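*Asks:* Note that numbering that gives the first Met the number 0 has the sequence shown beginning at 0, numbered continuously upward. One structure is given below, represented as structure tokens, and several questions about it will come after.
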Amino acid sequence: MTFVVTENCIKCKFTDCVDVCPVDCFHEGLNFLVINPDECIDCTLCEPECPANAIFSEDEVPEDQTQFIALNAELAKIWPIITEVKAPNVDADDWNGKSGKIEFLQK
């Protein structure tokens, strides 16, 4: 089992979740974070830390967000690991909670 970062992280990229991860399984893109499913130990620490409520257990990913399971696995292979908290995107609060952000994902 793994946790998955979903659409609401796009253009927000809060990194509170990174700080609590004991195995450094988060990877960072320009405007999105992903979790490496091969590294995640299902510790549940990251999910409550996400201000955007964008992290779900793999078996609880909303039906309209299931493509993010494969997307996390794909992007974790090419994006660098992030281990320290960084400031969110400057307009993160404006984007938090908006739907249809997948088109803005920068790979």
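Beta carbons: idealized from backbone N, C-alpha and C, even for Gly. Remember, predicted model here, so these are calculated numbers, not experimental data.
1) Give the secondary structure of Phe55 by DSSP, where H, G and I count as helix, E and B as strand, and everything else as coil.
2) Ordered along the chain, which non-local residues of its own chain (more than five positions away) have a Cβ less than 6 Å from that of Asn7?
3) For a test of the three-state rule: what should DSSP assign to Glu27, helix, strand or coil?
4) If the criterion is Cβ atoms closer than 7 Å, does the pair Cys11 and Pro61 meet it?
5) For Leu32, which three-state DSSP category applies?
*Replies:* Straight from the coordinates:
1) If you number the sequence shown from 1, residue 55 lands on position 56. If DSSP states are grouped into helix, strand and coil, Phe55 belongs with the strands.
2) Looking up residue 7 in the sequence shown gives position 8. For Asn7, the CB contacts under 6 Å within the same chain, skipping 5 residues up- and downstream, are Ala51, Ala53 in chain order.
3) Here the question's residue 27 lines up with position 28 in the sequence shown. Shown here, Glu27 sits in a strand according to DSSP, grouped into three states.
4) Taking the first residue of the sequence shown as position 1, residue 11 is located at position 12. Taking the first residue of the sequence shown as position 1, residue 61 is located at position 62. No, they are not a contact pair.
5) By one-based count along the sequence shown, residue 32 stands at place 33. Strand, per DSSP.
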